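Undergrad:
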């Protein structure tokens, strides 16, 4: 009987310990959510419904994105005409005011409303859960001016030019310097394309290649499929950089000749304005269309993103000489990964 009593006490203690450990894991996640600007009690109530066994199988990023997906207001897919972006974010999501301010302040006012509130809260989560490595940070900080250097962990040899300035419209000296490379000398204006990102994105792309998991649906060229977008002109990449990434942006320069795109299924929308409008409208509304069946697409960037978000029947507007290339499949992106001329990092 005594042995049975001891066994019961041990089992109870073990059960208490297990329950305590589980509570601790839920608390840890809730504490992290609080650091990211979410209301702790709301997140804790939600995460507590997840089984302990399942909890450990996914990352913090996964749980935060799932939380937003399940709890966000249905109004998070458009902007209010009468409420400020900051207050609209507070209305749509269980976040604190500091987080709403940080999101709104992180991009230009014009570009903010080119994407949905849901896009920005998901982007906020990805920024905070994905940081560039300390090794890459040291590499950047120790880089000498006017020197092209290679990062040893790059997937392919990739010259990197670190400049101590902000990107400036009309200034392409850093691009000219980068084009002195062997691959750069093979390129001309018709084959150069530019992808703008932050430091984590730059490290992720040059070490692992294009990551479609970081791309978003329901952009200009794809409703059910995602795309990796590149600007056609350096000046447009710089302009986008100044709107989208206000802190230490990077521009990845690619040499992508038409002969390469011609080896895959490529949709050119630059000369068929009616088809372009239909593709963009359907893509933005989440309706499958012909671009979803291609490996790449090329055409104008829609300039009236807010109207397309708020009004499903709105007609896309095309700018003059502001085109984009969308890489849509892994079989093409693996080839494009080897076509990087170099990377420009603006260290501020």
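In my numbering, the protein residues as written are 87 to 434.
Ideal placement from N, C-alpha and C gives every residue a C-beta, glycine not left out.
Keep in mind the model is a prediction, meaning the values are calculated, not measured.
Could you give the DSSP three-state label for residue 207: helix, strand or coil?
TA: Helix at residue 207.
Undergrad: With distances taken from CA atoms, which of 164, 240, 307 is nearest residue 394?
TA: Considering only alpha carbons, the answer is 164.
Undergrad: Please name the residue, chosen from 291, 280, 421, that lies closest to residue 381 on a Cα-to-Cα basis.
TA: With distances taken between Cα atoms, residue 381 lies closest to 421.
Undergrad: Residue range of the alpha helix (DSSP H) that residue 323 falls in?
TA: Segment 320-330, the alpha helix (DSSP H) holding residue 323.
Undergrad: Return the bridge partner residues of residue 386 from the DSSP annotation.
TA: Paired residue(s): 409.
Undergrad: DSSP state of residue 391, grouped into three classes?
TA: Three-state DSSP puts residue 391 in a helix.
Undergrad: Quick check on residue 344: buried or exposed, where buried means 16 or more other Cβ atoms within 10 Å of its Cβ?
TA: That one is exposed.
Undergrad: Of all the options 262, 375, 283, 302, which has the alpha carbon lying nearest to the alpha carbon of residue 274?
TA: Ranking the options by Cα distance to residue 274, first place goes to 262.
Undergrad: Return the first residue and the last residue of the alpha helix (DSSP H) that residue 283 is part of.
TA: Element bounds for residue 283: not the alpha helix (DSSP H) but the beta strand (DSSP E), 278-283.
Undergrad: Can you find the residues in the same chain that come closer than 7 Å, C-beta to C-beta, to residue 325, ignoring five residues on each side of it along the sequence?
TA: These residues qualify, in order along the chain: 255.
Undergrad: Give me the Cα-Cα distance between residue 401 and residue 367, rounded to the nearest whole angstrom.
TA: Answer to the nearest angstrom: the Cα atoms are 7 Å apart.
Undergrad: Is it buried or exposed, residue 416, if we count other Cβ atoms within 10 angstroms and call 16 or more buried?
TA: Residue 416 should be labelled exposed.
Undergrad: Give the secondary structure of residue 187 by DSSP, where H, G and I count as helix, E and B as strand, and everything else as coil.
TA: Three-state DSSP puts residue 187 in a helix.
Undergrad: Beta-carbon separation of residue 427 and residue 264 under 8 Å?
TA: Yes, Cβ-Cβ distance for residue 427 and residue 264 is below 8 Å.
Undergrad: Spatial neighbours of residue 244 within its chain, please: CB distance less than 7 Å, with the 5 preceding and 5 following residues excluded, ordered by chain position.
TA: Excluding residues within five positions, the ones whose Cβ falls inside 7 Å are 236, 237, 292, 426, 428, 429.
Undergrad: How far does the beta strand (DSSP E) with residue 428 in it extend, from its first residue to its last?
TA: Unbroken beta strand (DSSP E) run through residue 428: 426-432.
Undergrad: For residue 322, tell me which candidate among 281, 362, 188, 289 has the shortest Cα-Cα distance.
TA: Checking every option, the nearest Cα to that of residue 322 belongs to 281.
Undergrad: Look at residue 432 and residue 193 and say whether their C-beta atoms are less than 8 Å apart.
TA: For residue 432 and residue 193, no; Cβs fall outside 8 Å.
Undergrad: Are the CB atoms of residue 288 and residue 338 within a distance shorter than 8 Å?
TA: It is a contact, given that the beta carbons lie within the stated cut-off.
Undergrad: Could you give the DSSP three-state label for residue 95: helix, strand or coil?
TA: Unreliable positioning characterises residue 95 in this predicted model, as indicated by a pLDDT of 43, which lies under 50. The coordinate reading is nonetheless provided below. In the structure shown, residue 95 sits in a helix (DSSP, three-state: H, G or I).
Undergrad: Would you kindly check if the distance between the Cβ of residue 260 and the Cβ of residue 247 is under 8 Å?
TA: A contact, by the Cβ cut-off of 8 Å.
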